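J.: According to the working numbering, the sequence shown holds residues 39 to 150 in order.
Yeah, the Cβ is synthetic: ideal placement off N, Cα and C, and Gly gets one too.
None of these values were measured; they are calculated from a predicted model.
Before I ask anything, let me first share the structure, which is written out below as C-alpha cells.
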Amino acid sequence: MEHISWNDFEKIDIRTGTIVQAEPFEGTRKPAYKLQVDFGAELGVKRSSAQITKHYNPLDLVGRQVVAVVNFPPKQIANFFSECLVLGVYDAHNDVVLLQPAHPVDNGKKIG
C-alpha cells in the first residue's frame, strides 16, 4: 500500500448526499444503477453509475443518504456521464455495501 500525505487527502472532496432517483442501467457489462444524488444547494444534483444491484433495489435507494467523492471529472460509461463516485465497502462476495451516515445529516456536508 502506498502512503499519501495529508495534503493528498485534502484534495478529495467527500460529501453526504441523498439519492433522489435510481433506475436500472441497461446495456452495461456488469449490473448497475443510474443514480441521481442531491448534494444540497452548493453542488446540486449529480449523477452516478453504481454497481450495487446485489444488496439494493431502486425503490429502496430513493431517500437513502450516501457518501460520495464529488470532485472527480465526469466519466463516460456507455451513453451516461457519471459525475460522482458513491462509496461503499466490498463484502465477502465482492458486492458493494454502501457507506452512509449513522444519523441523518444535511446534504453536501463534507466528510472529515
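If contacts are defined as beta-carbon pairs under 8 angstroms, then Arg-102 and Gln-138 qualify, I think. What distance do you get, rounded to the angstrom?
T.: Position 64 of the sequence shown, counted from the first residue, corresponds to residue 102. Position 100 of the sequence shown, counted from the first residue, corresponds to residue 138. 7 angstroms between Cβ atoms; contact.
J.: Closer than 8 angstroms, CB to CB, is Val-105 near chain B or not?
T.: Among the chains in the structure shown there is no chain B, since it carries only a single protein chain.
J.: Use the C-beta contact count for Asn-145: other C-beta atoms within 10 angstroms, 16 or more gives buried, fewer gives exposed.
T.: By one-based count along the sequence shown, residue 145 stands at place 107. So Asn-145 ends up on the buried side.
J.: Counting beta carbon pairs with one atom in the region 63-76 and one in the region 128-136, are three or more of them shorter than 8 angstroms?
T.: no
J.: Report the CB separation of Arg-53 from Lys-72 in whole angstroms; it is logged as a contact under 8 angstroms.
T.: Here residue 53 refers to the residue found at position 15 when the sequence shown is read from its first residue. Here residue 72 refers to the residue found at position 34 when the sequence shown is read from its first residue. Contact doesn't hold; Cβ gap of about 19 angstroms is too wide.
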